[in-house]
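Enquirer: Position one of the sequence shown corresponds to residue 0 (numbering that gives the first Met the number 0), numbered consecutively onward.
Note that beta-carbon positions come from the ideal geometry of N, C-alpha and C, so glycine has one too.
The structure presented is a predicted model; accordingly, all values stated were derived computationally and were not measured.
Okay, handing you the structure first.
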Amino acid sequence: MCGFLGCLDGDVAKSKAMAGLAHRGPDSSDEYSAGALYLRHYRLAILGTEETAHQPMTSRDGNVILAFNGEIYNYCEIASWMGQPGLADDGDTRVLVELLARHGMARLDMLNGMFAIAAYFRPAREFYLVRDRFGVKPLYYCQADNALYFASEIKSLRGLRPTPLDPERTRHYLDYGIYPGGTDTFFDGIRQVEAGTWVRRQNGAQEERRYFDLRAECGRLLEEKPDVDEYESLLEDAIRLRLRSDVPISLHYSGGTDSTALLLKTKEVWGWDFPIAAFSMAFDEPAFDESTLAESYCAQIGAQHHKVTLSAAEVPALAAQLHYFEDEPYGGIPTIAYYKLNMVEREKGYIVSIEGQGGDETFGGYVYHAYMAMYDLARSGANPALLKMLLQTYRVEPGQAVAAAERLIAAGFQAHTDLTDLREPATARRPEMFVDWLKTIQLYDILSNKIPRTLRFNDRASMACGREIRFPMLDYRVLACGLAFSHEQKYAQGLSKAPLREIIRRHLQGVYAEPKRSVVTPQTQWLRRELKDWAQERIDVLRQSAFLPMEYFDRADAFYRDENPTNSFYIWQLINLSFFFDQPSAATH
Numbered sequence: 000m001c002g003f004l005g006c007l008d009g010d011v012a013k014s015k016a017m018a019g020l021a022h023r024g025p026d027s028s029d030e031y032s033a034g035a036l037y038l039r040h041y042r043l044a045i046l047g048t049e050e051t052a053h054q055p056m057t058s059r060d061g062n063v064i065l066a067f068n069g070e071i072y073n074y075c076e077i078a079s080w081m082g083q084p085g086l087a088d089d090g091d092t093r094v095l096v097e098l099l100a101r102h103g104m105a106r107l108d109m110l111n112g113m114f115a116i117a118a119y120f121r122p123a124r125e126f127y128l129v130r131d132r133f134g135v136k137p138l139y140y141c142q143a144d145n146a147l148y149f150a151s152e153i154k155s156l157r158g159l160r161p162t163p164l165d166p167e168r169t170r171h172y173l174d175y176g177i178y179p180g181g182t183d184t185f186f187d188g189i190r191q192v193e194a195g196t197w198v199r200r201q202n203g204a205q206e207e208r209r210y211f212d213l214r215a216e217c218g219r220l221l222e223e224k225p226d227v228d229e230y231e232s233l234l235e236d237a238i239r240l241r242l243r244s245d246v247p248i249s250l251h252y253s254g255g256t257d258s259t260a261l262l263l264k265t266k267e268v269w270g271w272d273f274p275i276a277a278f279s280m281a282f283d284e285p286a287f288d289e290s291t292l293a294e295s296y297c298a299q300i301g302a303q304h305h306k307v308t309l310s311a312a313e314v315p316a317l318a319a320q321l322h323y324f325e326d327e328p329y330g331g332i333p334t335i336a337y338y339k340l341n342m343v344e345r346e347k348g349y350i351v352s353i354e355g356q357g358g359d360e361t362f363g364g365y366v367y368h369a370y371m372a373m374y375d376l377a378r379s380g381a382n383p384a385l386l387k388m389l390l391q392t393y394r395v396e397p398g399q400a401v402a403a404a405e406r407l408i409a410a411g412f413q414a415h416t417d418l419t420d421l422r423e424p425a426t427a428r429r430p431e432m433f434v435d436w437l438k439t440i441q442l443y444d445i446l447s448n449k450i451p452r453t454l455r456f457n458d459r460a461s462m463a464c465g466r467e468i469r470f471p472m473l474d475y476r477v478l479a480c481g482l483a484f485s486h487e488q489k490y491a492q493g494l495s496k497a498p499l500r501e502i503i504r505r506h507l508q509g510v511y512a513e514p515k516r517s518v519v520t521p522q523t524q525w526l527r528r529e530l531k532d533w534a535q536e537r538i539d540v541l542r543q544s545a546f547l548p549m550e551y552f553d554r555a556d557a558f559y560r561d562e563n564p565t566n567s568f569y570i571w572q573l574i575n576l577s578f579f580f581d582q583p584s585a586a587t588h
């Protein structure tokens, strides 16, 4: 887990002056400069010694120069497949560079991991930027004076030339809560390598190509009809691979279905006597603190529970710090709490964590997923008994479920997870159905909506503390297998995420059937009370910048006039944007 920056055919002096990324790699750094290529790498040591895993790394035949951010979890298996098992003794970076030297981009399909790669092939003078299948690790680039500049974070590129916030994308974010996707960012001229693709540059010409397609993989698995036993076997292997580390590992634990299933499965893989450290976020507000439940479950499971509490008084300073690391607008107080969680884990010596991200998206855990499932079942008439159970679980009439699902489709899936704040159909593009409407909206959340933005928030907040987060449920084999499940498998007995609940049922009777609990935070309450003065000061900074028309502040004024507001996301959006205007040139440079 690391960070890197550099250029091809560019000004090396400019590259060396780019904002550094030492927080991503606090253990060592080095550079490579020869001909048209400059690379600087910052290392967070997880696997391998400093002598064997130092980067930038050159292949043994001298043909490939590599900078790499991430982990290749199955590096031992790849080394054996190559007939050189001893390569694994030097860590995953050595295995990766030798695989590229032998096969180029042809065997990216073998990589099980999270990765951003910059690789130069000397013989052909080819340069590649590669990003993992779901974009867990970041990678950005821009063009300047016919040169390619690249970096693990946007801040390294913004100093090369004026890079204003894109007004259209910013207003789209404010109007609909949508973050830029695909290759877009909030900044004009700065692009990201899209998940599951590579960018190649050779002799000044540039092309992009996709090497992984989740839709195609899901379509293939639909014909095989995987079962729950197969899913559990793949999840066990994913956990086993992600427990490979030369530094201590903890687990992020909320007490919800996903993290409880992951904790139990990890205990099954690691052994029930192994003292897993589980860290939970908590809030200094009794009505919003659910850490007691997590503590109770840990006591039953046999895990060491650590609670990290965030108070309202800490938010202003942490928000300003996190703005620097995030580079773009990020989630509100939950992300700040996540940042503090990682700070404490680092202080206690835990450099790596595993996390249950992906369970909701794989198994239909959100309310609007269930409505899509009910819509599919109502239209097809395939399983009246399951439809009846779902209608009872969500306390809705058939006509209401169908009407709500049709509105959500017409709105381009733009709504909160509880189906509130739907966009007007005239402003949305109707999605094309993939197999059924449940899988269609799940693909949207995995590829375009929830997973990309959560991974970005979490990567920056954890790497700001020099920490690595691993996601077993986002192992591409695990996710594709679960996504291909039928409605009956995902919603057995009318309960969402049934395969994960089955893991829980084996160990925590009475817990497995609990309904999904939304993450509850004191954000709205704090922004109205303890943080009101700070919030209004931040919004005034943005108001005075003249970046936005004044009507964008009417909703903020209405929030503070309302005696009982229920949603403070818009307030957070304005606070978030205000940090880009703390200095006169901050929005344009």
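Between which two residues does the beta strand (DSSP E) holding Val351 run?
Expert: Unbroken beta strand (DSSP E) run through Val351: 351-353.
Enquirer: Can you list, in chain order, the residues of its chain whose CB lies under 6 Å from that of Ala336, leaving out five sequence neighbours each side?
Expert: Here the set comprises Met280, Leu309.
Enquirer: Please confirm if the region 392-404 is in contact with the region 457-470, defined as three or more CB-CB distances below 8 Å between the two stretches.
Expert: Contact fails: fewer than three Cβ-Cβ distances are below 8 Å.
Enquirer: How about the region 17-34 and the region 77-86: do they share at least three Cβ pairs that are nearer than 8 Å?
Expert: Counting Cβ pairs under 8 Å, fewer than three are found: no touch.
Enquirer: Evaluate Arg429 with the Cβ neighbour count: other Cβ atoms within 10 Å of its Cβ, from every protein chain shown; 16 or more gives buried, anything less gives exposed.
Expert: It is exposed - the Cβ of Arg429 has fewer than 16 other Cβ atoms within 10 Å.
Enquirer: Give the straight-line distance between the Cα atoms of Asp561 and Gln535, rounded to the nearest whole angstrom.
Expert: So the alpha carbons of these two residues sit roughly 15 Å apart.
Enquirer: List the DSSP bridge partners of Asp435.
Expert: In the DSSP output, where bridge partners are listed per residue, Asp435 has Phe433.
Enquirer: With distances taken Cα to Cα, identify the nearest neighbour of Arg594 among Met104, Arg459, Thr92.
Expert: Residue 594 is absent from the structure shown; the chain starts at 0 and stops at 588.
Enquirer: Quick check: what's the CA-CA separation for Leu99 versus Arg106?
Expert: Computed Cα separation, rounded: 8 Å.
Enquirer: Use the C-beta contact count for Met17: other C-beta atoms within 10 angstroms, 16 or more gives buried, fewer gives exposed.
Expert: The residue is buried, with at least 16 neighbouring Cβ atoms inside 10 Å.
Enquirer: Which residues mark the beginning and the end of the alpha helix (DSSP H) in which Asn341 is found?
Expert: It spans 332-346 - the alpha helix (DSSP H) in which Asn341 sits, taken as one unbroken run.
Enquirer: What's the gap between the Cα of Tyr393 and the Cα of Gly364?
Expert: Those two C-alpha atoms are separated by around 12 Å.
Enquirer: When the Cα atoms are used, what is the spatial distance from Arg435 to Ile275?
Expert: One detail in the question is off: residue 435 reads as Asp in this sequence, not Arg. Distance between the alpha carbons of Asp435 and Ile275 is about 40 Å.
Enquirer: Measure the C-alpha to C-alpha separation of Thr182 and Gln299 and round it to an integer number of angstroms.
Expert: Each residue's Cα considered, the two are about 45 Å apart.
Enquirer: Starting from Gly203, follow its DSSP beta bridges and name the residues at the other end.
Expert: Answer is none; Gly203 lacks a bridge partner.
Enquirer: Looking at Gly357: is its Cβ nearer than 9 Å to the Cβ of Ala260?
Expert: Not a contact, by the Cβ cut-off of 9 Å.
Enquirer: By how many angstroms is the C-alpha of Gly331 removed from the C-alpha of Trp571?
Expert: Rounded to whole angstroms, Trp571 to Gly331 spans 6 Å at the Cα level.
Enquirer: Check whether the Cβ atoms of Ala491 and Pro225 sit closer than 9 Å, and answer yes or no.
Expert: In this structure, Pro225 does not lie closer than 9 Å to Ala491 by Cβ.
Enquirer: Report the option in Leu46, Tyr119, Ala194 whose CA atom is closest to the CA atom of Lys136.
Expert: Here the closest residue by C-alpha is Ala194.
Enquirer: Indicate the three-state DSSP secondary structure (helix, strand or coil) for Asn68 in the structure shown.
Expert: Three-state DSSP puts Asn68 in a strand.
Enquirer: In terms of residues, what are the limits of the alpha helix (DSSP H) holding Glu167?
Expert: Segment 166-175, the alpha helix (DSSP H) holding Glu167.
Enquirer: Could you tell me which residues DSSP pairs with Phe273 in its beta bridges?
Expert: Note: Phe273 sits in no beta bridge, so no partner.
Enquirer: In chain order, what residues of the same chain lie with their CB nearer than 8 Å to the CB of Asp245, ignoring the 5 residues before and after it?
Expert: Once the five neighbours on either side are set aside, the close Cβ partners of Asp245 are Ala44, Ile45, Leu46, Gly47.
Enquirer: According to DSSP, what are the bridge partners of Asp29?
Expert: Answer is His40.
Enquirer: When the Cα atoms are used, what is the spatial distance from Arg452 to Tyr140?
Expert: For Arg452 and Tyr140, the distance between alpha carbons rounds to 18 Å.
Enquirer: Quick check on the DSSP output: the beta strand (DSSP E) that includes Leu7 runs from which residue to which?
Expert: Element bounds for Leu7: 1-7.
Enquirer: State the start and end residues of the unbroken beta strand (DSSP E) segment that holds Val307.
Expert: Start and end: 303-309.
Enquirer: Are the Cβ atoms of Gly134 and Gln205 separated by less than 9 Å?
Expert: No, the Cβ-Cβ distance between Gly134 and Gln205 is not below 9 Å.
Enquirer: Taking only the alpha-carbon atoms, compute the straight-line gap between Leu526 and Phe278 and give it to the nearest angstrom.
Expert: Near 26 Å, if we compare the C-alpha coordinates of Phe278 and Leu526.
Enquirer: Let me check understanding here. Comparing Cα to Cα, which of Ser485, Thr291, Leu478 lies closest to Glu231?
Expert: Of the listed residues, the one whose Cα sits closest to Glu231 is Leu478.
Enquirer: Based on the DSSP secondary-structure assignment, which residues constitute the bridge partners of Leu147?
Expert: Per DSSP, Leu7, Gln142.
Enquirer: Cα-Cα, which of Gly180, Tyr374, Ala87 is closest to Leu454?
Expert: Selected option, being the one with the closest Cα: Gly180.
Enquirer: When DSSP labels each residue in this structure, what does Leu128 get in the three-state scheme?
Expert: Strand at Leu128.
Enquirer: Give the secondary structure of Met280 by DSSP, where H, G and I count as helix, E and B as strand, and everything else as coil.
Expert: Here Met280 sits in strand by DSSP.
Enquirer: Assuming Ala460 and Thr334 are in contact, meaning their beta carbons sit under 8 Å apart, how far apart are those beta carbons, in whole angstroms?
Expert: At roughly 6 Å, the Cβ-Cβ gap stays under 8 Å, so Ala460 and Thr334 are in contact.
Enquirer: Helix, strand or coil: how does DSSP classify Ile468 here?
Expert: Correct three-state label for Ile468: strand.
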